[in-house]
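*Asks:* Residue numbers (the numbering used here): 1131 to 1779. Virtual Cβ for every residue (Gly too), placed ideally from N, Cα, C. In this text, all values refer to a predicted model and were calculated from it rather than measured experimentally.
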């Protein structure tokens, strides 16, 4: 018996491998690929360079009602490090980078509304691969209008190809068409779910530009937002993974097909054709069943009686609750009166004792001195030494007995009040429980009233009509589902095969990039890094100081250095190994905001100058508040400075 040979799918053409996985004919697989735009893309094109040649913009500032015209122009046509430094914040350093990014993206990234309203004219020139691209536009009432001119870098005198635009939407489309084609990049296929509908779409040029800027809003190792699907796809594209485009296309189209199938099932109530037919027969039998109608009527009558009883219980519970509250109020007043009586008796005894201890020395009216025998007579006869009236001497045991009795009555009053309050809570809970039962009885009554007897029959008739209508379209749905399930099987196999081929090379490619990133971050000051593992899902694992951390677990300054190192590593890998597609442009806005100590920042910038110098093809801009002497080694034409009280434009 001959053994069936095991086929190495990676060694056969992609369509053939998908045919094996999906158990379909190769011709059928190719037909599905053509239908859904799936392209077998084993080898992405090499990286194309991108740098800025010139940044120019002008306009009018309006400050405190005064207008002040401004104009800024900077020739930056070198693959080097450029710096914009101001002694103070809000001097226009970030605006320079954002204007360049505005022209590159075809839309504003992060300009303030105030600055946007000041700028009236923008003129930025780029060098992209073998082309020179000039973007020039005016801004009126917040709307851009202008041209994108493209010419060969080797033929400066040739007439450029001009793309005109009259608004922001056209501007964005023009830049997307020009830049994707020039840099040999493709829109990144994905899918978007809106409500119940999933549709395929492409992340375009603006999404790629997120990998060119790192600022306070960047929290991913590449791009803008950590953990997003776009971040993963950007990394895989710029690393230059083979079959990445095929994987993205297959996955996006598969999700759309799955969503369409689910949507059709929802239109049929999530049931199959057999389910619908069985339910229709059941409905017809129920319509003919007289016993069902009698039972429904009995349930309705019983529910009505239950509702009436529940309503009476609610009324009685409410009366009992209100009565208990009145009794609690009487108990509260009784406790207050008893408390008042105790205080008054104690105060009266204290006053009597106080005044009884008084011994007047003279008449309060004429100030005549009271004689000694009058004082002695007061003691012996209990007659006042001033007016001779008899002085009543209360018996202490009687007073104490009366106070003790009053205190016992106060204790009893407090106990009565506490019992009354507990009784109120009990009655309140009984009332709430009765209300709940009444609501439940009402809901049941409403359901039975609308579905019982005649209403029940009407609902059954409507359900029968709806089922019959659904069955009319079900056959068409079944045919569509059969076709979609065939496509889905091919797309699923295409995704699996592309993923398998990516995984075969991803470990080697990402290992090479990770090693390069580690070497660069060490040069940028992270000397305690032991290992760095950059993963295909854009996560990164860093071992440093004997512990393992993720990108999010790093300090802000460490994240900044890791982002910079990743871009430089991608450019170096593309140059040295022909793998990687990052064009080499990086804009760093306000690195001092990333909680870097000044000494660390100085060290990082010093190394950064050397790293950029050692990496041909990288053009880097750093905009920051600080000491211009940090960039003292840079030629003056690669440095823009604003001292204390000065503005950059």
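Rounded C-beta distance between residue 1444 and residue 1571? I'm assuming under 8 Å.
*Replies:* About 10 Å; that fails the 8 Å criterion.
*Asks:* Assuming the contact rule is C-beta atoms closer than 8 Å, residue 1215 and residue 1754 should be a hit. Round their C-beta distance to whole Å, please.
*Replies:* 6 Å
*Asks:* Are the segment 1639–1649 and the segment 1662–1677 in contact at 8 Å, needing three or more beta carbon pairs?
*Replies:* yes
*Asks:* For the segment 1741–1773, which segments carrying the beta strand (DSSP E) assignment without a break, of at least 3 residues, lie completely within its bounds, in sequence order?
*Replies:* Within the segment 1741–1773, the runs of beta strand (DSSP E) at least 3 residues long that lie entirely inside it are, in chain order, 1749–1755, 1769–1772.
*Asks:* Enumerated in chain order, which unbroken segments of the beta strand (DSSP E) with a length of 3 residues or greater are wholly contained in the segment 1222–1262?
*Replies:* 1249–1258
*Asks:* Excluding the 5 residues preceding and the 5 following residue 1188 in the sequence, name in chain order all residues of the same chain whose CB lies nearer than 8 Å to its CB.
*Replies:* These residues qualify, in order along the chain: 1199, 1200, 1201, 1202, 1249, 1250, 1251.
*Asks:* Quick check on the DSSP output: the alpha helix (DSSP H) that includes residue 1211 runs from which residue to which?
*Replies:* Segment 1211–1216 is the beta strand (DSSP E) holding residue 1211; no alpha helix (DSSP H) there.
*Asks:* What is the DSSP secondary structure of residue 1544, reduced to helix, strand or coil?
*Replies:* Helix at residue 1544.
*Asks:* Express the C-alpha separation of residue 1316 and residue 1710 in angstroms, rounding to a whole number.
*Replies:* Approximately 14 Å between the Cα atoms of the pair.
*Asks:* How is residue 1296 classed by DSSP in three states: helix, strand or coil?
*Replies:* coil
*Asks:* By DSSP's criteria, residue 1499 is part of a beta bridge. Which residues make up the other side?
*Replies:* For residue 1499, which the question treats as bridged, DSSP gives the partners 1492.
*Asks:* Helix, strand or coil for residue 1173 per DSSP?
*Replies:* coil
*Asks:* Taking the alpha carbon of residue 1453 as the point to measure from, which residue in 1350, 1142, 1558 has its own alpha carbon closest?
*Replies:* 1558
*Asks:* Leaving out five residues on either side along the sequence, give the residues of the same chain with a beta carbon under 6 Å from the beta carbon of residue 1480.
*Replies:* none
*Asks:* What residue range is occupied by the uninterrupted alpha helix (DSSP H) comprising residue 1337?
*Replies:* 1335–1339
*Asks:* Count the CB pairs spanning the segment 1695–1710 and the segment 1159–1177 that are closer than 8 Å, and state whether there are at least three.
*Replies:* yes
*Asks:* Considering only DSSP beta bridges, list what residue 1291 is partnered with.
*Replies:* By DSSP's assignment, residue 1291 forms a beta bridge with 1280.
*Asks:* Note down, in chain order, each residue of its chain lying with its Cβ closer than 6 Å to the Cβ of residue 1207, except the 5 sequence neighbours on either side.
*Replies:* Exclusion of the five residues before and after residue 1207 leaves 1183 as the residues of its chain whose Cβ lies within less than 6 Å of its Cβ.
*Asks:* Do residue 1628 and residue 1377 have their C-beta atoms closer together than 8 Å?
*Replies:* yes
*Asks:* If you run the structure through DSSP and keep just helix, strand and coil, what is residue 1584?
*Replies:* Reliability fails at residue 1584, whose pLDDT of 48 lies under 50, so the model's placement of it is uncertain and the value that follows must be treated cautiously. Helix, per DSSP.
*Asks:* In terms of alpha-carbon separation, which member of 1297, 1239, 1461 lies closest to residue 1266?
*Replies:* Measuring from the Cα of residue 1266, the nearest candidate turns out to be 1297.
*Asks:* Can you tell me whether DSSP reads residue 1371 as helix, strand or coil?
*Replies:* coil
*Asks:* Terminal residues of the continuous beta strand (DSSP E) containing residue 1205?
*Replies:* Membership of residue 1205 in the beta strand (DSSP E) is indicated by the continuous run 1196–1205.
*Asks:* Let me know the secondary structure DSSP gives residue 1432 once reduced to three states.
*Replies:* It is helical.
*Asks:* If we call anything under 8 Å between Cβ atoms a contact, is residue 1282 one with residue 1261?
*Replies:* Yes, they are a contact pair.
*Asks:* Among the residues of its own chain, which have a CB less than 8 Å from the CB of residue 1140, if the five just before and after it don't count?
*Replies:* 1147, 1630, 1631, 1634
*Asks:* Return the first residue and the last residue of the alpha helix (DSSP H) that residue 1719 is part of.
*Replies:* It is not in any alpha helix (DSSP H) - residue 1719 instead sits in the beta strand (DSSP E) that spans 1715–1719.
*Asks:* What residue from 1391, 1236, 1144, 1161 has the CA that sits closest to residue 1300's CA?
*Replies:* 1236
*Asks:* Give the DSSP-derived three-state secondary structure of residue 1677 in the structure shown.
*Replies:* Here DSSP, grouped into helix, strand and coil, assigns residue 1677 to strand.
*Asks:* Helix, strand or coil: which one does DSSP assign to residue 1181?
*Replies:* strand
*Asks:* How many angstroms separate the CA atom of residue 1351 from the CA atom of residue 1693?
*Replies:* 5 Å
*Asks:* To the nearest angstrom, how far is it from the Cα of residue 1748 to the Cα of residue 1194?
*Replies:* Distance between the alpha carbons of residue 1748 and residue 1194 is about 42 Å.
*Asks:* Could you tell me whether the Cβ atoms of residue 1458 and residue 1531 are closer together than 8 Å?
*Replies:* no
*Asks:* For residue 1798, count the other beta carbons within 10 Å of its own beta carbon; 16 or more makes it buried, fewer makes it exposed. Which is it?
*Replies:* The structure shown does not extend to residue 1798, since the chain is modelled only from 1131 to 1779, so the question has no answer here.
*Asks:* Return the chain-ordered list of same chain residues with a C-beta closer than 6 Å to the C-beta of residue 1221, the five sequence neighbours on each side being excluded.
*Replies:* 1772, 1777, 1778
*Asks:* Considering only the beta carbon of each residue, do residue 1368 and residue 1336 sit closer than 8 Å?
*Replies:* No.
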